[in-house]
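Asker: The working numbering applies: residue 231 is where the sequence shown begins, and numbers increase by one.
We treat Cβ as the ideally placed atom computed from N, Cα and C, and that holds for glycine.
Quick caveat: nothing in here was measured; it's all calculated off a predicted structure.
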Amino acid sequence: EDVCKWFALGPIDIGLGCFQEVSCFHLPSKSLHVTDALVGIEATPPSLFDIDPTPLLFHARDSGGEQLVDSIELRKKGWSRLVLFASFLRPERLDIPPIMKVLRDAFKPGLRNFKAHFGLFPFSWKEGWDVSAKALIGERKPLLQIAPVLERLVFPRAKEVVINWLNEISTLRGLKLLIPAHYTAPLEFTPSHARRLKQDIIRRDWAIGSGDWKFLDGLDKSLVKTGVVPEDPLRSFRD
Numbered sequence: 231e232d233v234c235k236w237f238a239l240g241p242i243d244i245g246l247g248c249f250q251e252v253s254c255f256h257l258p259s260k261s262l263h264v265t266d267a268l269v270g271i272e273a274t275p276p277s278l279f280d281i282d283p284t285p286l287l288f289h290a291r292d293s294g295g296e297q298l299v300d301s302i303e304l305r306k307k308g309w310s311r312l313v314l315f316a317s318f319l320r321p322e323r324l325d326i327p328p329i330m331k332v333l334r335d336a337f338k339p340g341l342r343n344f345k346a347h348f349g350l351f352p353f354s355w356k357e358g359w360d361v362s363a364k365a366l367i368g369e370r371k372p373l374l375q376i377a378p379v380l381e382r383l384v385f386p387r388a389k390e391v392v393i394n395w396l397n398e399i400s401t402l403r404g405l406k407l408l409i410p411a412h413y414t415a416p417l418e419f420t421p422s423h424a425r426r427l428k429q430d431i432i433r434r435d436w437a438i439g440s441g442d443w444k445f446l447d448g449l450d451k452s453l454v455k456t457g458v459v460p461e462d463p464l465r466s467f468r469d
């Protein structure tokens, strides 16, 4: 207890089981360690991609016929698209092109290798995708947020639980850093950051179903309709 304090987010009944995330406040380092709920995303790709930037360059292209060309700007472009994939699974500005177009662009010279997936590129990004990415990514410093896929699929009817968790965190005296398991770490994070995030959640629409959130919204509604996910995940815990 002199070293760590623990804070639970949940449990939340999500049908097939319960979701619960336990965060740890490490007193000596004044850092809060979380797993999935909070992330901070910045424009510069993680240094891990310096070893092999192929995944970034692959997604930076606009068609399968384009070569994998390395540059800082293309790495950032590919990173932005990967962030959209991870956040929304199928962003609004993403289409799946016809199979004949995918095959027509494939197996061209310079692309007949495993790294380029032999030129197979089943994605078509529409104009405006970068606007969606900028809403998630901080240009000068990581943008702190609730992970969108969790907000829409795990927390859609548990807004109060998230707010209560942030209330607990905002009471941590001396808190200076946040260390999430994903994206950027460590992040500057104080009780005032937790309070601002809570106020943002209170003011804005929660777990919306339009724009980039449309696919997640449809998936959630399908799970509710089939009975896999309960309409009110908190009901069993209130009762």
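Return helix, strand or coil for G448, following the three-state DSSP convention.
Answerer: Position 218 of the sequence shown, counted from the first residue, corresponds to residue 448. The answer is helix: DSSP assigns G448 an H, G or I state.
Asker: Can you tell me whether A363 is buried or exposed? The criterion is at least 16 other CB atoms within 10 Å of its CB, across all chains shown.
Answerer: Residue numbering aside, residue 363 sits at position 133 when the sequence shown is read from its first letter. It counts as buried.
Asker: By Cβ distance, which residues of its chain are closer than 6 Å to L374, with the 5 residues on each side in sequence left out?
Answerer: Indexing the sequence shown from 1 puts residue 374 at position 144. Excluding sequence neighbours, L374 sits near G270.
Asker: Is G448 buried or exposed, if buried means 16 or more other CB atoms sit within 10 Å of its CB?
Answerer: Here residue 448 is taken as the residue at index 218 of the sequence shown, counted from 1. By the neighbour-count rule (16 or more Cβ atoms within 10 Å), G448 is not buried but exposed.
Asker: So L407 and K428 are in contact, right, with Cβ under 8 Å, and what is the actual spacing, rounded?
Answerer: Here residue 407 refers to the residue found at position 177 of the sequence shown. Here residue 428 refers to the residue found at position 198 of the sequence shown. Incorrect: roughly 18 Å between the Cβ atoms, too far for contact.
Asker: Once DSSP output is grouped into helix, strand and coil, what is the label at I326?
Answerer: The residue labelled residue 326 in the question sits at position 96 within the sequence shown. Here I326 sits in coil by DSSP.
Asker: Taking all protein chains shown into account, do 16 or more other C-beta atoms lie within 10 angstroms of the C-beta of E381, making it buried, or fewer, making it exposed?
Answerer: Position 151 of the sequence shown holds residue 381. Buried, since its Cβ has 16 or more Cβ neighbours within 10 Å.
Asker: By the three-class DSSP mapping on this structure, what secondary structure does C234 have?
Answerer: If you number the sequence shown from 1, residue 234 lands on position 4. If DSSP states are grouped into helix, strand and coil, C234 belongs with the strands.
Asker: Of the residues R323, S261 and L239, which one's Cα is nearest the Cα of P421?
Answerer: Residue 421 sits at position 191 when you count from the first residue of the sequence shown. Selected option, being the one with the closest Cα: S261.
Asker: By Cβ distance, which residues of its chain are closer than 8 Å to E357, with the 5 residues on each side in sequence left out?
Answerer: For the purposes of this step, residue 357 is taken as residue 127 along the sequence shown, with counting starting at 1. The answer, listed in chain order, is R323.
Asker: Can you pull the DSSP bridge partners for F255?
Answerer: As a working note, residue 255 is residue 25 in the sequence shown. Paired residue(s): K235 and L262.
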